[in-house]
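2 protein chains.
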Amino acid sequence: MTYTIGIDYGTDSVRALIVDTQTGEEIGTHVFYYPRWKEGKYCDPVKNQFRQHPLDYLEGLKVCIREALKKCPDGVAENVVGISVDTTGSTPVPVNREGTPLALLAGYEENPNAMFVLWKDHTAVLEADGINEFSRTWGGIDYTKFEGGVYSSEWFWAKVLHILRENKAVRKAAYSWVEHCDWMPALLTGCTKPENVVRSRCAAGHKAMWHEDFGGLPSENFLTGIDPLLSGLRERLYTDTTTSDISVGTLTEEWGSRLGLPTTVIVTAGAFDAHMGAVGGQISPGSLLKVMGTSTCDMIVSPPDEFKDTLVQGICGQVNGSIVPGMIGLEAGQSAFGDLFAWFKQLLIWPLRNIEDKDLLTSLTSPILKDLDEEAAKLSPEESGVLALDWLNGRRTPDADQTLKGAVMGLTLGSDAPRVYRSLVDAAAFGARRITERFEDNGVKIRDVIAVGGVAIKSPYVMQTVCDVMNKPIKVASELQTVALGAAIFAATAAGIYPSVEAAQKAMGSGFEKTYTPNPEAAAVYDKLYAKYLEFGGFIEKQTRK
Amino acid sequence: MTYTIGIDYGTDSVRALIVDTQTGEEIGTHVFYYPRWKEGKYCDPVKNQFRQHPLDYLEGLKVCIREALKKCPDGVAENVVGISVDTTGSTPVPVNREGTPLALLAGYEENPNAMFVLWKDHTAVLEADGINEFSRTWGGIDYTKFEGGVYSSEWFWAKVLHILRENKAVRKAAYSWVEHCDWMPALLTGCTKPENVVRSRCAAGHKAMWHEDFGGLPSENFLTGIDPLLSGLRERLYTDTTTSDISVGTLTEEWGSRLGLPTTVIVTAGAFDAHMGAVGGQISPGSLLKVMGTSTCDMIVSPPDEFKDTLVQGICGQVNGSIVPGMIGLEAGQSAFGDLFAWFKQLLIWPLRNIEDKDLLTSLTSPILKDLDEEAAKLSPEESGVLALDWLNGRRTPDADQTLKGAVMGLTLGSDAPRVYRSLVDAAAFGARRITERFEDNGVKIRDVIAVGGVAIKSPYVMQTVCDVMNKPIKVASELQTVALGAAIFAATAAGIYPSVEAAQKAMGSGFEKTYTPNPEAAAVYDKLYAKYLEFGGFIEKQTRK
Numbered sequence: 001m002t003y004t005i006g007i008d009y010g011t012d013s014v015r016a017l018i019v020d021t022q023t024g025e026e027i028g029t030h031v032f033y034y035p036r037w038k039e040g041k042y043c044d045p046v047k048n049q050f051r052q053h054p055l056d057y058l059e060g061l062k063v064c065i066r067e068a069l070k071k072c073p074d075g076v077a078e079n080v081v082g083i084s085v086d087t088t089g090s091t092p093v094p095v096n097r098e099g100t101p102l103a104l105l106a107g108y109e110e111n112p113n114a115m116f117v118l119w120k121d122h123t124a125v126l127e128a129d130g131i132n133e134f135s136r137t138w139g140g141i142d143y144t145k146f147e148g149g150v151y152s153s154e155w156f157w158a159k160v161l162h163i164l165r166e167n168k169a170v171r172k173a174a175y176s177w178v179e180h181c182d183w184m185p186a187l188l189t190g191c192t193k194p195e196n197v198v199r200s201r202c203a204a205g206h207k208a209m210w211h212e213d214f215g216g217l218p219s220e221n222f223l224t225g226i227d228p229l230l231s232g233l234r235e236r237l238y239t240d241t242t243t244s245d246i247s248v249g250t251l252t253e254e255w256g257s258r259l260g261l262p263t264t265v266i267v268t269a270g271a272f273d274a275h276m277g278a279v280g281g282q283i284s285p286g287s288l289l290k291v292m293g294t295s296t297c298d299m300i301v302s303p304p305d306e307f308k309d310t311l312v313q314g315i316c317g318q319v320n321g322s323i324v325p326g327m328i329g330l331e332a333g334q335s336a337f338g339d340l341f342a343w344f345k346q347l348l349i350w351p352l353r354n355i356e357d358k359d360l361l362t363s364l365t366s367p368i369l370k371d372l373d374e375e376a377a378k379l380s381p382e383e384s385g386v387l388a389l390d391w392l393n394g395r396r397t398p399d400a401d402q403t404l405k406g407a408v409m410g411l412t413l414g415s416d417a418p419r420v421y422r423s424l425v426d427a428a429a430f431g432a433r434r435i436t437e438r439f440e441d442n443g444v445k446i447r448d449v450i451a452v453g454g455v456a457i458k459s460p461y462v463m464q465t466v467c468d469v470m471n472k473p474i475k476v477a478s479e480l481q482t483v484a485l486g487a488a489i490f491a492a493t494a495a496g497i498y499p500s501v502e503a504a505q506k507a508m509g510s511g512f513e514k515t516y517t518p519n520p521e522a523a524a525v526y527d528k529l530y531a532k533y534l535e536f537g538g539f540i541e542k543q544t545r546k
Numbered sequence: 001m002t003y004t005i006g007i008d009y010g011t012d013s014v015r016a017l018i019v020d021t022q023t024g025e026e027i028g029t030h031v032f033y034y035p036r037w038k039e040g041k042y043c044d045p046v047k048n049q050f051r052q053h054p055l056d057y058l059e060g061l062k063v064c065i066r067e068a069l070k071k072c073p074d075g076v077a078e079n080v081v082g083i084s085v086d087t088t089g090s091t092p093v094p095v096n097r098e099g100t101p102l103a104l105l106a107g108y109e110e111n112p113n114a115m116f117v118l119w120k121d122h123t124a125v126l127e128a129d130g131i132n133e134f135s136r137t138w139g140g141i142d143y144t145k146f147e148g149g150v151y152s153s154e155w156f157w158a159k160v161l162h163i164l165r166e167n168k169a170v171r172k173a174a175y176s177w178v179e180h181c182d183w184m185p186a187l188l189t190g191c192t193k194p195e196n197v198v199r200s201r202c203a204a205g206h207k208a209m210w211h212e213d214f215g216g217l218p219s220e221n222f223l224t225g226i227d228p229l230l231s232g233l234r235e236r237l238y239t240d241t242t243t244s245d246i247s248v249g250t251l252t253e254e255w256g257s258r259l260g261l262p263t264t265v266i267v268t269a270g271a272f273d274a275h276m277g278a279v280g281g282q283i284s285p286g287s288l289l290k291v292m293g294t295s296t297c298d299m300i301v302s303p304p305d306e307f308k309d310t311l312v313q314g315i316c317g318q319v320n321g322s323i324v325p326g327m328i329g330l331e332a333g334q335s336a337f338g339d340l341f342a343w344f345k346q347l348l349i350w351p352l353r354n355i356e357d358k359d360l361l362t363s364l365t366s367p368i369l370k371d372l373d374e375e376a377a378k379l380s381p382e383e384s385g386v387l388a389l390d391w392l393n394g395r396r397t398p399d400a401d402q403t404l405k406g407a408v409m410g411l412t413l414g415s416d417a418p419r420v421y422r423s424l425v426d427a428a429a430f431g432a433r434r435i436t437e438r439f440e441d442n443g444v445k446i447r448d449v450i451a452v453g454g455v456a457i458k459s460p461y462v463m464q465t466v467c468d469v470m471n472k473p474i475k476v477a478s479e480l481q482t483v484a485l486g487a488a489i490f491a492a493t494a495a496g497i498y499p500s501v502e503a504a505q506k507a508m509g510s511g512f513e514k515t516y517t518p519n520p521e522a523a524a525v526y527d528k529l530y531a532k533y534l535e536f537g538g539f540i541e542k543q544t545r546k
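Same order as they appear, the protein sequences are chains A and B.
Following my numbering, the numbering of the first sequence begins with 1 at its first residue and continues without gaps.
Following my numbering, the numbering of the second sequence begins with 1 at its first residue and continues without gaps.
This is the structure in structure tokens:
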């Protein structure tokens, strides 16, 4: 019997999942919530600034693996053969020559610009504009072409440039930059020096304009043309990238003893959570796999020969090997999905902000989303109801534009909380449909939809709405921890238990617990509402560009 | 020493105000909240159906006068010389041959269609459309011309027709219809038979298309052209109307003893609350007087000779004597003002709906609007912030359209409750400015603004915002009960204490407690935001008309 560990760094927490490599069965698991993040430290939601402290990640790694091991029978720890780590992304951090994130150095401990710039941080809107502007006009290679033709403020170069512009001290101290998903394996295997860090194909290809056709990252000319501040950084980054079925080394003595694991455990190259989740959720050619959480990541894989000359505009990229090694991985997504509902809940609990009695507070706040689901489900889709736009965190796909904002129309004095909530759920579903249509308009066939992630399992109401709006059946993966499971699958492949990710996926991947089928009447009403959603969006885009 | 009583029937409560006729000083006052209304009975906010039971009015009349008298020194009751009643409106009720509201008859007690159709009830949207459509095409007199050229679903004929279409039993039983402001004086003086009821100039002129140029109400041809259901009703209504400085009779024995007042007390013709409030708040030519409560009523008076050939389009009418006898009264208003903020509060307290501990509930809910004022006041107007439309209850002025709905744009995940609330306050102020501009565009001069009503006194933050957005100084009347005071002024005039309303107004009217002056920096930002508000409104109007 052997075991692998999938480590899944999400937005709020990190989880470890220990599985049997033969069946994918869960043996032990533990979730650790980032303490600094939970306090709202280093963040400013009004400015869309979201930063995470490396200590949240380090503390979490130790606790979640140790606690997960405690829940396993005897003999599991010594038979762990591999670890694979996924993280959110693009979530880069400035590092020194040793590869240490600046926030771990004296003098930078409380400096948000020395920390990981979380995927959903939108402080780099101006920098993304600059990159797009330069890219359209400089006359050289279009480096954005494999990233949907529009570079986003959520991505690597925009974030790096923003921090370099923002903070002189960090600018001087930052020798290089590392993605969160690359830093964790580097740390575990003792290879954190920037030149030694093995880089994820997924992060590099989707977020940093890396492509084998370009011979690596965009040229020095292109980068310094955007801003001379980027000068010289390219050669302190990387040329090669790796898929996550490859081992980058074994656990250091230090980490082995810290985690209670043998130093023979191999560690794979990292990748983004959604991409590993797609593997855990049984992605295969023809399926659109949606990871539905605070945001969504919508993915498709395709054999390269079927996908040679197609460039899908306005998505988040198409990269060989970014999801399943050997296949083109296409990525798209919504910048806010569950976050829309979390925002509404946050709005509603404003009157409770001074309650000190924690039990009372929990009893009032914890049932809100469940109750809203229940009440909203009693309403029918109506042409004259409340209609919202899902852009409260900008729009990722199609045609990334983080300056766009959310909106609501059709409000009356009778628009109560369930009605407004319903409009947000509808809007989230309309946003999902728009992505599907962009793929299909570019000839990408979508045979079926697979949903994984928290929202997919927890909210039948939301899922039925998405299903009615898309008018396609949706299969929901039965494993709540699909993402960590995907990581464990990569670890098992890299450890040589399986000859390929596909083979590991077949043996270890999650099944499906439920299939939603569209309600034709609702789908017909939603067709009309979707047209109104597009018109409303058109107006808001026009106003935003003014 | 003599005293008069102003009775002010508002949306939620009725108040009695007993004043000294020499000074207008308050001697005693009492407020009574309608018990059935408070329970939400007979209303359906989602359908915009708002009905009030006559028993709420009857019980309130007795309690509020009796309780107000209790607070007075000995000897006041016997020296009361007059009562004047104002009510909301248009708030008509179907009555039988005796003039009894149908809801007071056996079998109709719980039938919302047999009750008063409250001013803000918008169930008659289709009927208003029909009236406007017929009026524009029938080829005869334009009966809407003194009512701004657009007939509203908030007004008499639309509501009457809606109820007649809606409910067969009421249709058969309704001999005639009476406005709330006409029913109360009729009841107190024992003249409730429809043919004997003295009709308010204000209600008839602004809401029922009555005009002296027409020789009364619109012609039978016009009315039956709209719908044969209206056939014959005209002659069971009225030809003459009266201003509120006229006595309609004295208290009946029954009401005298019920209220503890002598039967020598005269009762004046009624009028709408806002119009009497304008008198209490010292309206005079050149001043725009805004009654700011759940909705607003914006009024101007002008000597008839200065105002002969001007017809202001899209307001709620211009009627000789509707405010001050002998002057043209112009009326406009916003369908929702304080109601916007009440709606938002209602939205926020949804998670508290199951709390049974009343003290806890009160402690959580009662500070909400005050706290929101405080937090919103800390934010500055920003071009990139949240922007709302104030049409959650439709739009009254300009160009009445109750099918319009509210909207919000510019939402981000950082849009917290104070920011969304601030956008609603801004929107309320933009709506106010739009009315002022409609008057000024038609050559009506506005020298200064006087504000009366609950919001004017209670929320400095809202008032400063309105002031900055309008970029005009605003004087706030010092009397919270300006409306009831206005009624008391009419009663004193009708009782012969003063030769004219103007003279009574001078002696008894409220002073001003505060003047708001515009902040030039905020005003400049608001100019830009107001342009965006108009564009947003333009889009929503276009979508609504589709």
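Where is the CB? At the ideal position from N, CA and C, for every residue including glycine.
Glycine 10 of chain B versus B:Ala376, B:Gly107 and B:His180, residue with shortest Cα-Cα distance
That would be B:His180, whose Cα lies nearest to the Cα of glycine 10 of chain B.
Please list the segments of the beta strand (DSSP E) lying wholly inside the segment 377 to 411 of chain B, counting only runs of 3 or more residues, in order along the chain.
Within the segment 377 to 411 of chain B, the runs of beta strand (DSSP E) that reach at least 3 residues and sit entirely inside it are, in chain order, 387 to 389 and 406 to 411.
Measuring only the C-alpha atoms, how far is lysine 290 of chain B from alanine 484 of chain B?
So the two alpha carbons sit approximately 15 Å from each other.
Give the range of the alpha helix (DSSP H) segment to which cysteine 64 of chain B is assigned.
Boundaries of the alpha helix (DSSP H) around cysteine 64 of chain B: 54 to 70.
Am I right that proline 518 of chain A and aspartate 448 of chain A are in contact with their C-beta atoms under 8 Å? What's the rounded C-beta distance?
That pair is no contact at about 12 Å.
Enumerate in chain order the residues of its own chain whose CB-to-CB distance from leucine 348 of chain A is below 7 Å, with the five nearest sequence positions on each side excluded.
Closer than 7 Å at Cβ, skipping near neighbours: Ile368 and Ala417.
Of all the CB atoms in chain A, is at least one closer than 8 Å to the CB of alanine 417 of chain B?
It does; some Cβ of chain A falls within 8 Å.
Start-end ranges of the beta strand (DSSP E) lying completely within the segment 213 to 277 of chain A, minimum 3 residues
Within the segment 213 to 277 of chain A, the complete beta strand (DSSP E) runs of at least 3 residues are 247 to 250 and 266 to 268.
In whole angstroms, give me the CA-to-CA distance for leucine 360 of chain B and serine 459 of chain A.
So the two alpha carbons sit approximately 31 Å from each other.
Return the residues of the segment 482 to 510 of chain A that lie within a Cβ-Cβ distance of less than 8 Å from chain B, sorted by chain order.
Answer in chain order: no residues at all.
Local conformation of glycine 431 of chain B per DSSP, three classes:
Residue state, collapsed to three classes: helix.
For asparagine 48 of chain A, which residues in the same chain have their Cβ closer than 7 Å to its Cβ, ignoring the five residues on either side in sequence?
Closer than 7 Å at Cβ, skipping near neighbours: Asp121, His122 and Thr123.
Would you say glutamine 481 of chain A and glutamine 282 of chain A are within 8 Å of each other, going by their C-beta atoms?
When the beta-carbon positions are compared, glutamine 481 of chain A and glutamine 282 of chain A stay at least 8 Å from each other.
Is the number of C-beta pairs between the segment 101 to 117 of chain A and the segment 162 to 178 of chain A that are closer than 8 Å three or more?
Yes: at least three Cβ pairs fall under 8 Å.
Local conformation of aspartate 74 of chain A per DSSP, three classes:
Aspartate 74 of chain A falls in the coil class under three-state DSSP.
Taking C-beta pairs closer than 8 Å, name the residues in chain A that glutamate 535 of chain B reaches, listed in chain order.
Under a criterion of Cβ atoms nearer than 8 Å, the residues of chain A adjacent to glutamate 535 of chain B are, in order, Gln543.
Could you give the DSSP three-state label for isoleucine 446 of chain B: helix, strand or coil?
Of the three classes helix, strand and coil, the one that applies to isoleucine 446 of chain B here is coil, per DSSP.
So the alpha helix (DSSP H) alanine 332 of chain A belongs to, where does it begin and stop?
Unbroken run through alanine 332 of chain A is the beta strand (DSSP E), 328 to 332; no alpha helix (DSSP H).
Checking 8 Å against the spacing of the C-beta atoms, do leucine 102 of chain B and valine 178 of chain B come in under that value?
Contact: no.
Just to confirm, are alanine 491 of chain A and glycine 82 of chain A a CB contact at a threshold of 8 Å?
Result yes, Cβ atoms of alanine 491 of chain A and glycine 82 of chain A sit closer than 8 Å.
What residues from the segment 367 to 392 of chain B come within 7 Å of chain A, judged by C-beta to C-beta, listed N to C?
The residues in question are Ile368 and Leu392.
Contacting residues, own chain, Cβ-Cβ under 6 Å from valine 312 of chain A (five flanking each side not counted)
Cβ within range, chain order: Asn442.
Following the continuous alpha helix (DSSP H) through proline 35 of chain A, name the residue where it begins and the one where it ends.
Per DSSP, proline 35 of chain A belongs to the alpha helix (DSSP H) from 35 to 38.
Skipping 5 residues on each side, what residues in its chain have a beta carbon closer than 6 Å to that of alanine 377 of chain A?
Closer than 6 Å at the Cβ level, and outside the excluded window around alanine 377 of chain A, lie Tyr461.
Following the continuous alpha helix (DSSP H) through proline 464 of chain B, name the residue where it begins and the one where it ends.
Inspection of the sequence shows that residue 464 of chain B is occupied by glutamine rather than by proline. Start and end: 460 to 470.
I want to know whether the segment 261 to 273 of chain B touches the segment 214 to 225 of chain B - three or more CB-CB distances under 8 Å.
Touching, no.
Is phenylalanine 32 of chain A helix, strand or coil when you go by DSSP?
Strand.
Kindly indicate which residue of B:Thr544, B:Thr2 and B:Phe536 has the alpha-carbon position closest to the one of lysine 542 of chain A.
Closest by C-alpha distance to lysine 542 of chain A, out of B:Thr544, B:Thr2 and B:Phe536, is B:Phe536.
Apart from the five residues on each side of it in sequence, which residues of its chain come closer than 6 Å, Cβ to Cβ, to glycine 329 of chain B?
Closer than 6 Å at Cβ, skipping near neighbours: Val301, Val319, Ser322 and Ile323.
Jot down the residue ranges of each uninterrupted beta strand (DSSP E) in the segment 139 to 213 of chain B, minimum 3 residues, whole runs only, in chain order.
Entirely contained in the segment 139 to 213 of chain B, the beta strand (DSSP E) runs reaching 3 residues are, in chain order, 176 to 179.
Residues from the segment 393 to 414 of chain B in contact with chain A, defined by Cβ distance under 7 Å
Within the segment 393 to 414 of chain B, the qualifying residues are Asn393, Lys405, Gly406, Ala407, Val408, Met409, Gly410, Leu411, Thr412, Leu413 and Gly414.
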